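Notes to accompany the following structure.
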Amino acid sequence: MAKNTLSSRFRRLDIDEYDENKFVDEQEEAAEQQGPDAAEVDNLIRQYPFHADAGRHYGGHLLDAVSSSLSQQPSVESKVFRQSLQCQTSRDMMTAFHIALRNPPVNTKNPAIKERAQAIVMTVLTSFRSAEIEAAVKSLDRNGVDLLMKYIYRGFEKPSENSSAILLQWHEKAYAAGGLGSIMRVLTARKTV
1 MAKNTLSSRF RRLDIDEYDE NKFVDEQEEA AEQQGPDAAE VDNLIRQYPF
51 HADAGRHYGG HLLDAVSSSL SQQPSVESKV FRQSLQCQTS RDMMTAFHIA
101 LRNPPVNTKN PAIKERAQAI VMTVLTSFRS AEIEAAVKSL DRNGVDLLMK
151 YIYRGFEKPS ENSSAILLQW HEKAYAAGGL GSIMRVLTAR KTV
């Protein structure tokens, strides 16, 4: 009997591991919680001929070169070519939009990661033309609209030059797609972006 009491075999099982009330310090976030890929989004935005910092005009190199050569003789072919270039670049912007919303850092408490993700999303949102906002919002599901609303409200917290007007346009289209339920879910959510 004395031999069994000195045994330490029972200590191999950590019963605290199964306690649901146990406090665990925040572990290092997985790579998927690092937010959107900034390089991929930036590359797609650079391909887009319109950029908010360029004063809402065409700044793409390819479109400028083609437009200057085609402007001397406007024809049906030049109009079709311009429209196809604009269609291609709007697809790139839509891809950048979806990539920016793909990996939200909602489970992290690291403010640097959240700030970086917010900056990436704000860059994408301010790069859209007003006419393309509705199509971008309609391409999202309900959870995507809620996530977009989270980023919009976060953008309202720290406005930059001309961002409030653009965010109001995004809010109008997101409200039309998600309704009051989307606003309520965002305002009552515990996990923020």
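Numbering (the UniProt record's numbering), first residue to last: 1 to 193.
Every residue, glycine too, gets a C-beta built ideally from N, C-alpha and C.
Quick caveat: nothing in here was measured; it's all calculated off a predicted structure.
Asked: DSSP three-state assignment for GLU161, whether helix, strand or coil; Found: coil
Asked: Three-state class that DSSP yields for GLU20 in the structure shown; Found: coil
Asked: Inter-residue Cα distance where the pair is LYS22 and ASP14; Found: 12 Å
Asked: Range covered by the alpha helix (DSSP H) that runs through ASN43; Found: 38-47
Asked: Assigned secondary structure, ALA176 (DSSP; H/G/I helix, E/B strand, else coil); Found: helix
Asked: Minimum C-alpha distance to ASP37 - residue among LEU6, ASP141, ASP19 and VAL124; Found: VAL124
Asked: When ILE45, GLY179, TRP170 and ARG190 are compared against ILE133, the one with the closest alpha-carbon; Found: TRP170
Asked: Reduced DSSP secondary structure (H/G/I, E/B, other) of GLN34; Found: coil
Asked: Delimiting residues of the alpha helix (DSSP H) encompassing ARG116; Found: 111-127
Asked: Sequence-distant residues of the same chain with beta carbon closer than 7 Å to LYS138, five excluded per side; Found: ALA177
Asked: Reference ILE152; option with closest CA among SER182, ASP141, ALA135 and TYR18; Found: SER182
Asked: SER90 to ILE45 span [Cα, whole Å]; Found: 10 Å
Asked: Inter-residue CB distance, GLY35 and LEU101 (contact presumed, cutoff 8 Å); Found: Wrong, their Cβ atoms sit about 10 Å apart, outside the cutoff.
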